[in-house]
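J.:
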Amino acid sequence: MYICEHLSEWWVQSSFLEARLPLPVHSNPALVLPKQDYGDWHGQLRFAAKLIAGVLDFKAKIDHGALLAEYQGGHPLCMAQYGRVFGACRVPGPKHDGLLLPPPGRRPPTHVTVVRNFQFFEVEVYNSDGTPLTVDQLHVQLQRVRAQSWKTDKEPLGLLTSDHRHTWGLAYTTLMRDRLNRESVQCIQRSLFTVCLDASVLKVSDERFPARVAAQMLHGGGSWSNSGNRWFDKALQFIVGEDGVCGVVYEQAVVDAQPVATIVDHALEYCKNPDTLRAPMTLLPLPRKLYFYITPEIKHDIERAKCNLDILITDLDISCFMFEGFGRDLLKAQGLRPDSVMQVALQLAYYSAHGSLCTTGETASLRRFHLGRMDLVRPPAAPCLALALALDAPHSSDENLLALLREAVQSQSDRTDQVLAGQGVDGHLLGLRLAAIADGQRLPELFLDPAFALATHWRLLTGQVRSRAAELLVRGPAVPDGYAVCYDLRGGRVRGSITAAACCRHTAALLLHRTLQATLARLARLLGLPGPPPPAPDS
């Protein structure tokens, strides 16, 4: 394992902590979990108790050094992110944010934050002897939380964390001047993670249901719904809805998608066979409600955050997809790297929708390196364009198309391997730019050229996360005239989400959804796979 610490710190600082856009939609991705088979608050609290126990069981493996090493292509991966995700929180600032991480060598926190009806509670999850509470004990604690939060809080303070980072940074300074507020906020920040007990939301059609759930996980549904049940700065927030919808929203400055998916996989597997040991006959400390002193100035900040978040949510366009007959195992049997095929398909789908290719970045993990985070893979434009033109040509033979497809896929695979080996272009350019700034030198002309601005305007931001349990990953587009596409290729199918800005007249999530479906159907026929059916002509 090589060292890649310095560049990773720069990447986090530049890409996340210095970004000023709101965390929901723009930065924090969300994992949607399978809908659970309960439909009332009794089932909600029972499942939440199991989920907390499952996450604590995973944390115990970290604490005891029992977490198995992960590998990618035969290379061991850095496991450091697991040791810093519990108890971590982003801290807002007027110019740039900071990170509050659990200090090594000190006693770790023993509580989680539970939020219901916009009210925050400190809930201890360990006994006095250091053992985690059982599922039954956790269930009792959650029942106590519910008993103390019958009515919705008039001032949803958590909405402040959804605002523009500069605005939230100024409001944070005002909020923390009061001792009561400071103690309550610090309790949230230092908790292991947050559990959001969401209320049921309005039912929608089966067709719109996946997009509605994805939106709820991503931003909470709005100030009139469950967004006040969030503290978006927290590294991990587990969402458990009263209607059975569940998910996780996480903060990217602290942790990447794959470690979160691994934690979720373990927790949901634990939920199938929870610890059945009887709870010891000991008194549990009551959950402590966190109170805040809301001044007129803070109340004004909350009202402004409500308006801003609702505008942001209205502008988000989401479409979710699941295509059968085009999965990992089927593509591997053809001698093709599945992720590379999907990346080429996304280029073809974008070309079909807009008549050109665009600046595209696929997030790639650098955990092969010590403390490595991520870089971006840029798809090979020339072979993708050649394939797109050939698919549009009326007399292209299947033999020629198949050859062009394999060439494009191989080029994509080569570029992916380069990035995974630490040879990505964007990471090196970031290092060059920040090194010049740190040294007080004039920026190289490259960074001032309009072509560089065009080359870093990510109209198509993509990524894959592999999970046994999660349904899909969702995040917002990187630019107003762009898309974000997240997907998971499984044995015989591919599932994912597409987001775009509703205000942009040039993009539409459903448009890319349909062209992607048509593209995968065409490629499946070329490869002799079952593939998804082409979209209906009038859809």
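The UniProt record's numbering puts the first residue of the sequence shown at 1, with every later residue one more than the last. All C-beta atoms, glycine included, are put in the ideal place defined by N, C-alpha and C.
1) Who are the Cβ neighbours of F58 in its own chain at under 6 angstroms, not counting the five residues just before and after it?
2) Return the chain-ordered list of same chain residues with a C-beta closer than 7 angstroms to the C-beta of L529, the five sequence neighbours on each side being excluded.
3) So D375 packs on G424, CB below 8 angstroms; how close in whole Å?
4) Relative to the alpha-carbon of T363, which residue among P379, Q137 and D198 has its alpha-carbon at the smallest distance?
5) Taking just the CA atoms, how far does L385 sit from L357?
6) Tell me the DSSP secondary structure of F326 in three-state form.
7) Please report how far the alpha carbon of T462 lies from the alpha carbon of D426, in whole angstroms.
8) Pick out the complete alpha helix (DSSP H) segments inside the stretch 178–221, 4 residues or longer, and give them in chain order.
9) For H75, which residues does DSSP report across the bridge?
10) Look at the Cβ atom of H138, then the Cβ atom of A49, and state whether they are nearer than 8 angstroms.
11) What does the Cβ neighbour count give for H300, buried or exposed, with the cut at 16 atoms within 10 Å?
12) Should W231 be labelled buried (16 or more other beta-carbon atoms within 10 Å of its own) or exposed?
13) How big is the Cα-Cα spacing for F321 and E207?
14) Select from L175, P450 and A60 the residue whose C-alpha is nearest the C-alpha of L133.
15) Quick one: Cα of R505 to Cα of I62, how far?
16) Tell me whether I239 is buried or exposed, calling it buried when 16 or more other Cβ atoms sit within 10 Å of its Cβ.
17) Using only alpha-carbon positions, find the residue among C307, T167 and F86 that is nearest to S227.
18) In terms of residues, what are the limits of the alpha helix (DSSP H) holding G43?
19) Could you tell me which residues DSSP pairs with T167 in its beta bridges?
20) Are the CB atoms of V213 and R84 within a distance shorter than 8 angstroms?
21) Please name the residue in R466, L432 and G361 whose C-alpha comes closest to that of R415.
22) Compute the distance between the beta-carbons of G98 and L192, then report whether it is under 8 angstroms.
23) With distances taken from CA atoms, which of R525, L420, G531 and W41 is nearest D198?
24) Would you list the residues sitting across from D375 in a DSSP beta bridge?
25) Ordered along the chain, which non-local residues of its own chain (more than five positions away) have a Cβ less than 7 angstroms from that of R288?
26) Measuring alpha carbon to alpha carbon, tell me which of H354, G244, V485 and L366 ends up nearest F209.
27) Looking at the structure shown, is D136 part of a helix, part of a strand, or coil, going by DSSP?
28) Could you give the residue range of the beta strand (DSSP E) that holds F452?
29) Please state if the CB of Q119 and the CB of D153 are separated by a distance shorter than 8 angstroms.
30) Are the stretch 292–299 and the stretch 174–181 touching by the rule of at least three beta carbon pairs closer than 8 angstroms?
31) Could you please give the first and the last residue of the uninterrupted beta strand (DSSP E) stretch that includes V99?
T.: If we stick to the structure as given:
1) I263 and H266
2) G325, F326 and L330
3) 4 angstroms
4) P379
5) 7 angstroms
6) coil
7) 15 angstroms
8) 179–190 and 209–219
9) Q72
10) The identity of residue 138 in the sequence shown is Leu, whereas the question assumes His. The answer is yes: Cβ separation under 8 angstroms.
11) exposed
12) buried
13) 10 angstroms
14) A60
15) 48 angstroms
16) buried
17) C307
18) W41 to D63
19) Beta-bridge pairing links T167 to no other residue.
20) no
21) G361
22) no
23) W41
24) A364
25) F121 and E122
26) G244
27) helix
28) Counting along the chain, F452 falls outside any beta strand (DSSP E), though it belongs to the alpha helix (DSSP H) covering P450 to A455.
29) yes
30) yes
31) What sits at residue 99 in the sequence shown is Leu, not Val. Element bounds for L99: G98 to L100.
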